[in-house]
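Enquirer: One structure follows; several queries about it will come next.
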Amino acid sequence: MQNSLFVAGLEWSITNEELSEIFSACGTVESAKVVTDKFTGRSKGFGFVDMATAEDAANAITTLNNSTQKNRQIVVKIKEPKPAGDRGGFRSNNNSPRW
764 MQNSLFVAGL EWSITNEELS EIFSACGTVE SAKVVTDKFT GRSKGFGFVD
814 MATAEDAANA ITTLNNSTQK NRQIVVKIKE PKPAGDRGGF RSNNNSPRW
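Count along the sequence shown from 1, add 763, and you get the number used in the numbering used here.
Next up, the structure:
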């Protein structure tokens, strides 16, 4: 098991520090990042937390998945690696014209 977690369903106003504080009850937090829109700076409602050990990550999943934090039910799971070549943004199918 890896140490990086994906967290969804976050309250829009939650900060990186608050996210770290929530997860610190489950073990040592190495980093906590709420993902924000690059233009508005507003939270996108999800983030990532890196725990110190796989045991801390497993404890966080067991303890916090489907829990209520700041009046929102959150989902906590292992962060899946990004597919190769994925740079985000618009995804088109092969039948779409390339401009």
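C-beta: ideal position from N, C-alpha, C; glycine also. Remember, predicted model here, so these are calculated numbers, not experimental data.
Just reading off the beta strand (DSSP E) that ILE777 is part of, what are its end residues?
Expert: Here ILE777 belongs to no beta strand (DSSP E), and DSSP marks it neither H nor E.
Enquirer: What is the C-beta distance between LEU768 and VAL812, in whole angstroms, given that I count them as a contact (C-beta under 8 Å)?
Expert: LEU768 to VAL812, Cβ: 5 Å. Contact.
Enquirer: Count the other CB atoms within 10 Å of the CB of VAL770; is the residue buried (16 or more) or exposed (fewer)?
Expert: That one is buried.
Enquirer: I need the straight-line Cα distance from GLN836 to GLU818, nearest angstrom please.
Expert: Answer to the nearest angstrom: the Cα atoms are 23 Å apart.
Enquirer: Rounded to whole angstroms, what is the Cα-Cα separation between SER787 and ASN779?
Expert: In a straight line, the C-alpha of SER787 is about 12 Å away from that of ASN779.
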